[in-house]
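Engineer: In mature numbering (1 follows the signal peptide of the UniProt record, and there is no 0), the protein residues as written are -23 to -1, 1 to 185.
Just so it is clear, CB atoms sit at the ideal spot from N, CA and C, and this is done for glycine as well.
Set out below in structure tokens:
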């Protein structure tokens, strides 16, 4: 079963297993600042992308699907069958679509940390960064934000060589985690407008 509430709350396996403090307890080094700026500029220049994702939850459950992103503020997560659920953002909010039941519900986009990666210009230095960790190959930037279910942390992992987003982890207030890995990514592709269409006849329901 897809843990939908958590999916909506952001874009990395975080390199620590516990919550860091709710504010970065040190100054970023000049090297970290420069790399985060480079990551923002590189990803801002990618106007569209599509690929596949693997989602793993805290219990080891695995779900796969495809995603489509178009800047600014559009993204679609489509889960492989037998799931009939999709997550679609069209700039106003994040909608959970159930095509079997023909229902939808939404979260406001300004309460979703994923907005930090979907905007026209990505500037992670303006987000609430609570932790930055680097290895030889990767940089992890953890962002904390207040959401409809409480304070959620989003750990974004970037490849230091390509500057691409490779993985992210969402950590909800209970400590439960949801990790996404991206693969088979294509950049600057044509995405049909219909991919971000939300059927207005679908019944609005409350989140479960």
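Between the alpha carbons of residue 169 and residue 19, how many angstroms are there, rounded?
Structural biologist: Roughly 24 angstroms between the two C-alpha positions.
Engineer: Please confirm if the segment 73 to 80 is in contact with the segment 97 to 107, defined as three or more CB-CB distances below 8 angstroms between the two stretches.
Structural biologist: No, the segment 73 to 80 does not touch the segment 97 to 107.
Engineer: Residue 121 bridges to which residues according to DSSP?
Structural biologist: Partner(s): 130.
Engineer: Following the continuous alpha helix (DSSP H) through residue 8, name the residue where it begins and the one where it ends.
Structural biologist: Taken as a continuous stretch (DSSP letters only), the alpha helix (DSSP H) holding residue 8 covers 7 to 21.
Engineer: Considering only the alpha carbon of each residue, which of 35, 2, 60 lies closest to residue 43?
Structural biologist: The shortest C-alpha separation from residue 43 is found at 60.
Engineer: Rounded to whole angstroms, what is the Cα-Cα separation between residue 34 and residue 178?
Structural biologist: Cα to Cα, residue 34 sits roughly 32 angstroms from residue 178.
Engineer: Among 181, 172, 180, which residue has its Cα nearest to the Cα of residue 46?
Structural biologist: Nearest option by C-alpha distance: 172.
Engineer: Output needed for residue 29: all residues of its chain with C-beta closer than 6 angstroms, excluding positions within five of it in sequence on either side, in chain order.
Structural biologist: Counting only Cβ-Cβ distances below 6 angstroms, and skipping sequence neighbours, we find 43, 160, 161.
Engineer: Identify every residue that forms a DSSP beta bridge with residue 75.
Structural biologist: DSSP output for residue 75 lists 62, 80 as bridge partner(s).
Engineer: Of the residues 120, 150, 55, which one's Cα is nearest the Cα of residue 105?
Structural biologist: For the residues 120, 150, 55, the minimum Cα distance to residue 105 belongs to 120.
Engineer: On the premise that residue 96 lies in contact with residue 83, defined as a C-beta separation below 8 angstroms, what is that separation, rounded to the nearest angstrom?
Structural biologist: Not confirmed; about 19 angstroms, so no contact.
Engineer: Leaving out five residues on either side along the sequence, give the residues of the same chain with a beta carbon under 6 angstroms from the beta carbon of residue 130.
Structural biologist: Answer for residue 130: 119, 121, 148, listed in chain order.
Engineer: Does the beta-carbon of residue 93 have 16 or more other beta-carbons within 10 angstroms, so that it is buried, or is it exposed?
Structural biologist: Result: buried.
Engineer: Among residues of its own chain, excluding the 5 on either side of residue 23, which ones have a beta-carbon nearer than 6 angstroms to its beta-carbon?
Structural biologist: The answer, listed in chain order, is 164.
Engineer: Figure out for me which residue from 156, 51, 3 has the closest Cα to the Cα of residue 134.
Structural biologist: Nearest of 156, 51, 3 to residue 134, Cα basis: 156.
Engineer: Please list, in chain order, all residues of the same chain as residue 181 whose beta carbon is under 7 angstroms from its beta carbon, the five residues on each side excluded.
Structural biologist: So the list reads 81, 82, once near-sequence residues are dropped.
Engineer: Taking only the alpha-carbon atoms, compute the straight-line gap between residue 74 and residue 174 and give it to the nearest angstrom.
Structural biologist: The straight-line gap from Cα to Cα measures roughly 11 angstroms.
Engineer: Which of helix, strand or coil does DSSP assign to residue 172?
Structural biologist: In the structure shown, residue 172 sits in a helix (DSSP, three-state: H, G or I).
Engineer: What do you get for residue 10, buried or exposed, if any count of 16 or more other CB atoms within 10 angstroms of its CB means buried?
Structural biologist: Counting Cβ neighbours within 10 Å, residue 10 comes out exposed, since fewer than 16 surround it.
Engineer: Apply the 10 Å Cβ neighbour rule to residue 132 and answer buried if 16 or more other Cβ atoms are within range, or exposed otherwise.
Structural biologist: It is buried - the Cβ of residue 132 has at least 16 other Cβ atoms within 10 Å.
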